[in-house]
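S.K.: Protein sequences, first through last, are from chains A and B.
Here my numbering is used: the first residue of the first sequence is 57, the next is one more, and so on.
Here my numbering is used: the first residue of the second sequence is 48, the next is one more, and so on.
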Amino acid sequence: MRAGKALRGVAVALAGALALTACGGGGEAEDSGPAKLRMTVWSANEAHLKLFNEIADEYRTSHPDVAEIKFDPLPFDTYTTTLTTQIAGGNAPDLAWVFENSAPDFVASGALLPLDDALKKAEGYQYEDISPATLKLWQNDGKLYAYPFSTSPFGVFVNTDMVKKAGQKTPAELIAAGQWTWDNALATAAATATKSGKAGMVIRDFDYKGWDNLSTFWAGWGAQAWSQDGKACGFNSPEMVDAMTTLHRATFTQKALPGPGTTADFFAGDSAMTITQISRASLLKDGGFGWDLVPLPAGPKGNYAVVGQAGVGVMKKSPHAKQAADFLAFLTNPTNSAKLAQFFPPPRQSQLTAETLAKTNPQLKPEQLQKVVIDGITSGVVKPSHSGQAELSQQVRAGLDPLWQPTADVKAVLDGVCAKIQPLLAK
Amino acid sequence: MTQTDTRVGSAAAGPAPGPARPFWTSRRRDQLTGFVFIAPQLLGSAVFVILPLILVLWYSLHEWNVLAGTFDFVGTDNYTALADDPNLGAVLRATGLFSVGLVVLNLGLALLLAVLLNQRLRGTIVFRTLFFSPVVVSLVAWTIVWGFLLQDNGGINGLLDTIGVDGPNWLRGESTAMVSVIVVQVFKNVGLNMVLFLAALQGVPAELYEAAEVDGASRMRQFWRITVPLISPTILLTSIITVVGSLQVFAQIAVLTQGGPGTSTTVLVYYLYQQAFQFHHFGYGATLSILLFVIVLALTVLQWQMRKRWVFHES
Chain A
57 MRAGKALRGV AVALAGALAL TACGGGGEAE DSGPAKLRMT VWSANEAHLK LFNEIADEYR
117 TSHPDVAEIK FDPLPFDTYT TTLTTQIAGG NAPDLAWVFE NSAPDFVASG ALLPLDDALK
177 KAEGYQYEDI SPATLKLWQN DGKLYAYPFS TSPFGVFVNT DMVKKAGQKT PAELIAAGQW
237 TWDNALATAA ATATKSGKAG MVIRDFDYKG WDNLSTFWAG WGAQAWSQDG KACGFNSPEM
297 VDAMTTLHRA TFTQKALPGP GTTADFFAGD SAMTITQISR ASLLKDGGFG WDLVPLPAGP
357 KGNYAVVGQA GVGVMKKSPH AKQAADFLAF LTNPTNSAKL AQFFPPPRQS QLTAETLAKT
417 NPQLKPEQLQ KVVIDGITSG VVKPSHSGQA ELSQQVRAGL DPLWQPTADV KAVLDGVCAK
477 IQPLLAK
Chain B
48 MTQTDTRVGS AAAGPAPGPA RPFWTSRRRD QLTGFVFIAP QLLGSAVFVI LPLILVLWYS
108 LHEWNVLAGT FDFVGTDNYT ALADDPNLGA VLRATGLFSV GLVVLNLGLA LLLAVLLNQR
168 LRGTIVFRTL FFSPVVVSLV AWTIVWGFLL QDNGGINGLL DTIGVDGPNW LRGESTAMVS
228 VIVVQVFKNV GLNMVLFLAA LQGVPAELYE AAEVDGASRM RQFWRITVPL ISPTILLTSI
288 ITVVGSLQVF AQIAVLTQGG PGTSTTVLVY YLYQQAFQFH HFGYGATLSI LLFVIVLALT
348 VLQWQMRKRW VFHES
């Protein structure tokens, strides 16, 4: 029995030690000494990180209370999951990049620090210069919870070498002739794919799973995933059925898009065209192939633009939340915002001019910047987002899976999607 | 007991009323030594097994919103939600299908390979190494490579194309996706069971076969009447390991299908991951893991009970 008693003693001591460590991990203990800040980002691109680090180094020279600023790249595909797992594990970063699809959850949760004061009070910040349209997604009850760090419109990158070799008119020529429509874009993609043996049009990051990227397509038909108030499903609307019927035909009959389970990377020269954000221009290699960037083709509803957004917020529970907010104000002040504009289109109106953007975007021509970036930011609809997006997204993904078969009944599948998600939307 | 110990202690010290007996009696020293020896193991299982188990049970009684940082006691709400979950049926069906498919294919193939490689033929060592090598390969790397092979324009369909067969889109068809995931997992681990079977086969005394041969028993009859009964403890062991392992499959699903198409490959562990880490329903995720625990426990107990019926000999 004494053995039993001793065992109990060991167990109690162990439980106590564990309880202590658990408290330490999740607590809000104020650290003394200079702060070490960590910001999670989705990009592991060397050029992006180099610029971040330069700005951070500059900040530290004038702020001895901050010892270190570390940018922690998390994989794009699982970014939000990894971030929330870190938060759950008591290892939350001080600053975090947040995607538009998880914006409603983060903004409404109370996990982020309101930024209005920190930004407005920062010297020379010019808060009023930020376009109000870009702030909408990141506000709740009149408070700003994340800075719209990147408002990046979707455009079409074109491998002009491949298109010309296939004897097709380039999108630029089609634009000049006023013929840059989805019908013509898909026909060009299909013809180029047949001639080259490579893929035609790739909607990047869709891969028959990331369906929210399809909004770059269906917005041309005036379709939307759900109503503005987020309560009614839009997948079985006549516009959506039209758009998806076109997409289905383009994939399985016309072969303008690579089918499910086929990978094709535009930037590796595997496809004629790709729809993606201009921040991906950094993936283009010098001398790889001739390329162009053009706006999205016109749909039946005319010209349209779609933007993807990412915000940067400060975690409220961070022991260094104040320093983190101060650093964010520095990172996004007019000077640094202009530097970052080469990768991440800024929300500052004064910087949304073709001349300013051209200085930092040597790869893009002024008219590309005007047509794709500036017009896109001012007129674009943001990719779909909703509270509880992850669950919703999973249901839509599963609901859309039957559509990616050659013999699918488009209307029936889309009705099925609505049946699945309507209860979640109504919550 | 303490009193008994005191009595023993005083008896050892004798009736003399001298100074108090020393604290470190040989009995206590032995106990301490024992504890020191088992401490690392005890500490490890306490920290990594028992404590998480208790915590999971505790979490399952709560609604934990990671983002908002709230942790509210909700009693049995999560268990009620589990009973009403419209997805659970499909998830359990997928889990069952995967387990049955894996266990039958894995054990069948492992036994077949072991019997073949148990023959005294040239080159068996090469084949043994070949079949065992996937066991030591990183699971994720193995799965990613298979992911490429199973693509619509991947290696498998390329191979089928050369013999004029138009292969299906393996990972995108509702029926082929599950089969693909099972086969990838069978090839990954069949080597381990094969080696265990091989060891068991080599422990079967040769004279039994000689005697059976003299009696005129056919090869097939020898296999069913001698081999299978004598290696039945190993069959039990491998079936428990494989069943439990099959219920915990995750990486293959996450890499190959993400639970799709539809929910056809959403097995219990993947569903648990979705609920907890993607949808942020940590409380409900914990409830699902309790369900998994109960299922694994029940199956293991069942198999253990069944050993009395069909495991021929136990040492």
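Built from N, CA and C at the ideal position, the CB exists for glycine as well.
Computed from a predicted structure; not experimentally measured.
1. Name the two residues that bound the continuous beta strand (DSSP E) containing Asp128 (chain A).
2. Please state whether DSSP places Leu344 (chain B) in a helix, a strand or coil.
3. Taking just the CA atoms, how far does Met300 (chain A) sit from Thr137 (chain A)?
4. Check for me: the beta strand (DSSP E) holding Lys92 (chain A) runs from which residue to which?
5. Any residues in the region 130 to 146 of chain A with a beta carbon nearer than 7 Å to a beta carbon of chain B? Which ones, in chain order?
6. Within a Cβ cutoff of 8 Å, which residues of the same chain sit near Ala103 (chain A), ignoring the five residues on either side of it in sequence?
7. Relative to the C-alpha of Thr142 (chain B), which residue among B:Gly332, B:Ser311, B:Arg354 and B:His328 is closest?
8. For Lys476 (chain A), which residues in the same chain have their Cβ closer than 8 Å to its Cβ, ignoring the five residues on either side in sequence?
9. Our contact map puts Ala246 (chain A) next to Gln310 (chain A) with C-beta atoms below 8 Å; I'd like the distance itself, whole angstroms only.
10. Verify whether the separation of the beta carbon atoms of Leu151 (chain A) and Ala380 (chain A) is less than 8 Å.
11. Taking the straight line between their C-alpha atoms, what separation do you get for Pro401 (chain A) and Tyr135 (chain A)?
12. With DSSP as the reference, label Val214 (chain A) as helix, strand or coil.
13. Using 10 angstroms around the beta-carbon of Gln352 (chain B), count the other beta-carbons present and answer buried if the total reaches 16, otherwise exposed.
14. If you draw a straight line from the alpha carbon of Asp321 (chain A) to that of Ser335 (chain A), how long is it in whole angstroms?
15. Taking just the CA atoms, how far does Phe132 (chain A) sit from Leu335 (chain B)?
16. Quick one: is Trp357 (chain B) buried, meaning 16 or more other Cβ sit within 10 Å of its Cβ, or exposed?
17. Under 7 Å between beta-carbons, which chain A residues line up against Gln305 (chain B)? List them in chain order, please.
18. Taking 8 Å as the cut-off, decide whether the C-beta atoms of Thr304 (chain B) and Leu218 (chain B) are in contact.
19. Do Asp326 (chain A) and Lys254 (chain A) have their beta-carbon atoms positioned less than 8 Å apart in this structure?
20. Nearest-angstrom Cα distance between Ala228 (chain A) and Asn215 (chain A)?
21. Does the region 305 to 325 of chain B touch the region 262 to 279 of chain B, meaning 3 or more C-beta pairs lie closer than 8 Å?
22. Starting from Glu447 (chain A), trace the alpha helix (DSSP H) both ways and give me its first and last residue.
23. Using CA atoms only, rank isn't needed, just tell me which of B:Val341, B:Tyr256, B:Tyr317 and B:Gly238 is closest to Leu154 (chain B).
24. Given a limit of 7 Å on CB to CB distance, which residues of the region 203 to 237 of chain B reach chain D?
25. So which of A:Pro90, A:Ala91 and A:Lys106 has the shortest CA-CA distance to Val97 (chain A)?
26. Within the same chain, show all residues whose beta-carbon is closer than 8 Å to that of Ala202 (chain A), passing over the 5 residues directly before and after it, in chain order.
27. What is the DSSP secondary structure of Ala482 (chain A), counted as helix, strand or coil?
28. Three or more C-beta pairs under 8 Å: does that hold for the region 158 to 174 of chain B against the region 266 to 279 of chain A?
29. By a C-beta neighbour count over all protein chains shown, 10 Å radius and 16 as the cutoff for buried, is Pro149 (chain A) buried or exposed?
30. Gly355 (chain A) to Glu423 (chain A), Cα distance in whole Å?
31. If you measure beta-carbon to beta-carbon, which residues of the region 315 to 345 of chain B are closer than 7 Å to chain A?
32. Is Phe205 (chain A) helix, strand or coil by DSSP?
33. Kindly confirm or deny that the region 186 to 193 of chain B and the region 238 to 249 of chain B touch, where touching means at least three C-beta pairs closer than 8 Å.
34. For the region 300 to 318 of chain A, which residues have a CB atom closer than 7 Å to at least one CB atom of chain B, in sequence order?
35. Is Thr171 (chain B) close to chain A, meaning its C-beta is less than 8 Å from at least one C-beta of that chain?
36. Relative to the alpha-carbon of Gly146 (chain A), which residue among A:Gln407, A:Pro403 and A:Ser374 has its alpha-carbon at the smallest distance?
M.R.: The structure says:
1. In the DSSP assignment, Asp128 (chain A) falls within the unbroken beta strand (DSSP E) covering Val122 to Pro129.
2. Note: Leu344 (chain B) maps to helix in three-state DSSP.
3. Whole-angstrom Cα-Cα distance: 29 Å.
4. Unbroken beta strand (DSSP E) run through Lys92 (chain A): Ala91 to Val97.
5. Under the 7 Å Cβ criterion, the region 130 to 146 of chain A contributes Thr137, Thr140, Thr141, Ile143 and Ala144.
6. Cβ within range, chain order: Ser338 and Phe399.
7. The candidate whose alpha carbon is nearest that of Thr142 (chain B) is B:Ser311.
8. Same-chain partners within the cutoff: Gln451, Val452, Ala454 and Gly455.
9. Cβ atoms of Ala246 (chain A) and Gln310 (chain A) come within 8 Å of each other, at about 5 Å.
10. Yes. Within cutoff.
11. Looking at the two C-alpha atoms, the distance is approximately 21 Å.
12. Three-state result, Val214 (chain A): strand.
13. That one is exposed.
14. Going from the Cα of Asp321 (chain A) to the Cα of Ser335 (chain A) covers about 16 Å.
15. Annotation: Leu335 (chain B) to Phe132 (chain A) spans about 27 Å, alpha carbon to alpha carbon.
16. Result: exposed.
17. Correct list: Lys265.
18. At a Cβ-Cβ threshold of 8 Å, Thr304 (chain B) and Leu218 (chain B) count as neighbours.
19. Against a cut-off of 8 Å, the Cβ pair of Asp326 (chain A) and Lys254 (chain A) comes out as a contact.
20. Taking the straight line from one Cα to the other gives about 12 Å.
21. No, because fewer than three Cβ pairs between the region 262 to 279 of chain B and the region 305 to 325 of chain B fall closer than 8 Å, the two stretches do not touch.
22. For Glu447 (chain A), the enclosing alpha helix (DSSP H) stretches over residues Gln445 to Leu456.
23. The shortest C-alpha to C-alpha distance from Leu154 (chain B) to any of B:Val341, B:Tyr256, B:Tyr317 and B:Gly238 is the one to B:Gly238.
24. Absence of chain D from the displayed structure is noted, the protein chains being A and B.
25. With distances taken between Cα atoms, Val97 (chain A) lies closest to A:Lys106.
26. Same-chain partners within the cutoff: Val154, Ala159, Phe162, Val163, Leu168, Leu171, Trp194, Gly367, Val368 and Gly369.
27. Correct three-state label for Ala482 (chain A): helix.
28. Judged by Cβ distances under 8 Å, the region 158 to 174 of chain B makes no contact with the region 266 to 279 of chain A, as fewer than three pairs qualify.
29. Buried is the call here.
30. Those two C-alpha atoms are separated by around 21 Å.
31. For the region 315 to 345 of chain B, which is checked against every Cβ of chain A, the residues closer than 7 Å are Gln321, Phe324, Gln325, Phe326, His327 and Phe329.
32. In this structure, Phe205 (chain A) counts as strand in the three-state DSSP scheme.
33. Because the criterion of three Cβ pairs below 8 Å is not met, the region 186 to 193 of chain B and the region 238 to 249 of chain B do not touch.
34. Taking 7 Å as the Cβ-Cβ cut-off against chain B, the residues of the region 300 to 318 of chain A that qualify are Gly315, Pro316, Gly317 and Thr318.
35. For Thr171 (chain B), not one C-beta of chain A is nearer than 8 Å to its own C-beta.
36. Residue A:Ser374 holds the alpha-carbon nearest to the alpha-carbon of Gly146 (chain A) among A:Gln407, A:Pro403 and A:Ser374.
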